[in-house]
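Peer 1: Numbering (the working numbering), first residue to last: 78 to 233.
Ideal Cβ placement from N, Cα and C applies to all residues, glycine included.
Note that the coordinates shown come from a computational prediction; the quantities given were computed from them, not determined experimentally.
1. Determine the contact status of residue 204 and residue 94, defining contact as a CB-CB distance below 8 Å.
2. Have a look at the DSSP bridge pairing and note the partners of residue 124.
3. Can you confirm whether the region 128 to 135 touches the region 104 to 115 when touching is taken to mean that 3 or more C-beta pairs between the two stretches lie within less than 8 Å?
4. Whole angstroms is fine: what's the gap from residue 96's alpha carbon to residue 174's?
5. Look up residue 101 in the DSSP assignment and give the residues it is bridged to.
6. Considering only C-alpha positions, which residue in the set 141, 158, 139 is nearest to residue 207?
7. May I ask you to report which of helix, strand or coil DSSP gives residue 166?
8. How do the region 148 to 162 and the region 175 to 193 stand: do at least 3 beta-carbon pairs fall below 8 Å, yes or no?
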């Protein structure tokens, strides 16, 4: 059991950190990541944005969780990077240095595997307080390939 002093210190540590509010759209089959609960090494859980290449889809349970995702990549991010005294957080203290994943890439028609280190939202913001909110689908206008530029929302 924690003493009252230890409880206050714990709560303060958990709340006094950067915050991100992520606007997520409903999943309509576009490629990319989504919002998930992650089990951390210390036994806690955190909200994270996970990319498909971070999931072991050979595991039935993980594949089922991935397929059941109702929402998709952040369309909008609102970030609070200062503490309650308006001092900037040292954002490097909130990165998961152990985060990495293997992704599939191609170069001149040749398939490659790449080791990727934490991106902005799937590692570099791992220890931020996170809130996911649903935003309208019309706020999402991805450009993953040149063909996406032919979609109506990108044409004059």
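Peer 2: Taking the geometry as given:
1. yes
2. DSSP output for residue 124 lists 114 as bridge partner(s).
3. Note that the region 104 to 115 touches the region 128 to 135; at least 3 beta-carbon pairs, one per stretch, sit closer than 8 Å.
4. Rounded to the nearest angstrom, the two C-alpha atoms are 19 Å apart.
5. Answer is 151, 211.
6. 158
7. coil
8. no
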